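The sequence shown: position 71 = 69 (our numbering), numbered continuously. Input: a single structure, listed below in C-alpha cells.
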Amino acid sequence: MNLLNKINSCTSHISDELLPKQKTVHNSVFFHRDNYCLLELLPVQNLLTKQPEPGEIDEHAGKDFTGNGFLNCACREDATYPLSNLDIDKKEFKALIATESLFFFDTVYTSDSADRELVKDTRGFGFENYVLYYTFKEDTIITCWLDYNPIAETLNNYPEKLQHTLLKLGHAYGLVLIDWNECFTVNLANRHALSDYTKEAL
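The structure is reproduced here in C-alpha cells:
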C-alpha cells in the first residue's frame, strides 16, 4: 500500500453533473504518477493476464530511477482487452458509483515531483481510504483505477462502501481488479474473493 501526498484541495461545487447523496465536496485531488493504474479495473477477459514476477518488478523499478517516485512499482503491460472496449456510458457509470461514494473530485492533478500537472478528462470518487479514478473520452469510460488516499482521518477505516461499489461494478460490467504490485487478480463479481482481497490488501 503506497501512501500518497495529502490532498491539496478546496471546497467547491460539482461542476458538470448532479450526483445524489454527496456531501460537501473537495473538488481537487492528487495522485502520484507511479500509482497510475496499479490497481486497475479491467474487463473479465483479462482474468488470466500474466502477472510480473517479483524479480521483474525489482528490475523495472531500478531501471532509469531518478530519485523521484517509488521503487516497488510493477512494469504494467497494456491490457489485451482494454476497458474502452466495453463502451461504458459515462453518466451510467458515475450514477452507479455515486450512490456509495463520499466525495466527488472534478479536478485531478498528478506528478512524480514537486510540480503538479492537471490531468484532463479525469475525475475521481472518494471512499473511506481510496479514490476511484476514471478517464473518459466524450461519453465513454476509457480507464478506471484505485489509489490509496486518506481523504480524512475520520474515514481511515475498513473500506466497506468501496467494496460495495466494486461489487456493483463487477456485476454491471463484468470487471476484474488487477493489482499489478501484488501480482494478483480479483473477479469483482465474486463477493467472497473481493471480501478476502479487501481484508488482506486494502
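We put the CB at the ideal spot given by N, CA and C, even for glycine. Here the structure is a predicted model, which is why all the values come from computation and not from measurement.
Review point. Which one or two residues does DSSP pair with residue 109 in a beta bridge?
Key: Residue 109 pairs with 30.
Exercise for review: Provide the residue span of the beta strand (DSSP E) that contains residue 176, from first to last.
Suggested key: 173 to 177 is the span of the beta strand (DSSP E), which, as asked, contains residue 176.
Check your understanding: Where DSSP assigns a beta bridge to residue 124, which residues make up the other side?
Key -> 101, 129
Point to revise | CB of residue 143 within 8 angstroms of CB of residue 131, strictly | key: yes
Review point. In the structure shown, what three-state DSSP assignment does residue 42 receive?
Key: helix
Exercise for review: Can you check DSSP and say which residues form a bridge with residue 78?
Suggested key: Residue 78 has no beta-bridge partner at all, per DSSP.
Review point. Rounded C-beta distance between residue 106 and residue 27? I'm assuming under 8 angstroms.
Key: 6 angstroms
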